[in-house]
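Peer 1: Residue numbers (our numbering): 417 to 639.
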Amino acid sequence: MYNYLPPNRNGLHHKGHLIKVTGEGELAIQPDTALVKLGVITENKELITGQQQNSVEVTKVINALQGLGIPNNQLQTFDYRIESDYDFDQGKQIFRGYKITHLLQVKIEDLQLVGKVVDTAVQNGVNYVSNVQFTAKNKDTFYQQALVLALNNAIEKAKTIAETLNVTLIPTPSLVVEGGSSVQPFSHPSQTFVKGVSTTQFEPGQILVKATISAEFHYRTPY
């Protein structure tokens, strides 16, 4: 948008001679890290038995992933919960048992291992895989680059408006406000896996890093 006010009686440009624009910058980058949430869901009528069974399966999974070279500090519990399951028969609530869910978040820095990590986990007891997400470690650096693109975009918009109005743009903005950032990683939806599946393939794709700003520019009229 732009605001146009005539010059004052002294011929000086009015403080209201402003061009207000928004700028956008976007970068597509290659991911270098994957975050995988996977877990073991166990059902049992006895709570203690179910917890013990779940613990054994999760320990087996952790050992298998460490065997692939995943360090312990890149394996962490993401969620642990115990829920009561019920069936309903003719309006009556019948206790079926307990469901124990233990989810792990696995950080993978070798993207070629992602499919193997999922397959190995499933083969060792994992029956739920959620939100395989690709990201980048240096997102802040890329955001700074997107911010530069956003500012340049705003300047070019202001120049176009000034040329159309036949006025002289003061190229240094009088105000710049950062509008925000967004990182849109490529991710796979939640899935329930069963043992015996064929090798799982995951394509990292690209990550979009976006920056937006709003800026105000003064301009001079030709009279």
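By construction, the Cβ of each residue, glycine as well, lies at the ideal position given by its N, Cα and C atoms.
How many angstroms separate the CA atom of L481 from the CA atom of G541?
Peer 2: In a straight line, the C-alpha of L481 is about 12 Å away from that of G541.
Peer 1: If contact is defined by three or more beta carbon pairs under 8 Å, each pair taking one atom from either stretch, is the region 572 to 587 in contact with the region 457 to 470?
Peer 2: no
Peer 1: What does the alpha-carbon distance come out to for the pair Q561 and N568?
Peer 2: 11 Å
Peer 1: Return the chain-ordered list of same chain residues with a C-beta closer than 7 Å to the C-beta of L451, the five sequence neighbours on each side being excluded.
Peer 2: Counting only Cβ-Cβ distances below 7 Å, and skipping sequence neighbours, we find Q521, K523, Q549, T551.
Peer 1: What number of angstroms, rounded off, separates the C-alpha of V401 from the C-alpha of L519?
Peer 2: No answer is possible for residue 401: it lies beyond the span of the chain, which begins at 417 and ends at 639.
Peer 1: Where L624 and T557 are concerned, what is the direct C-alpha to C-alpha distance, given to the nearest angstrom?
Peer 2: 13 Å
Peer 1: Note the first and the last residue of the continuous beta strand (DSSP E) segment covering S630.
Peer 2: 623 to 636
Peer 1: How would you write the range of the alpha helix (DSSP H) that G439 sits in, first residue to last?
Peer 2: No alpha helix (DSSP H) holds G439; the beta strand (DSSP E) holding it covers 434 to 445.
Peer 1: Scan the region 509 to 539 and note each continuous alpha helix (DSSP H) run of 4 residues or more that stays entirely inside, going in chain order.
Peer 2: 530 to 539
Peer 1: Is the region 503 to 511 in contact with the region 471 to 479, if contact means three or more CB pairs nearer than 8 Å?
Peer 2: no
Peer 1: Could you work out which residue in V564, V530, F511 is closest to V545 when comparing CA atoms only?
Peer 2: V530
Peer 1: Under 7 Å Cβ to Cβ from Q617, same chain only, skipping five residues before and after it: list those, please.
Peer 2: Once the five neighbours on either side are set aside, the close Cβ partners of Q617 are G531.
Peer 1: Flag this pair as yes or no: are the beta carbons of T536 and I457 separated by less than 9 Å?
Peer 2: no
Peer 1: Would you kindly report the start and end of the unbroken alpha helix (DSSP H) that includes Q482?
Peer 2: 463 to 483
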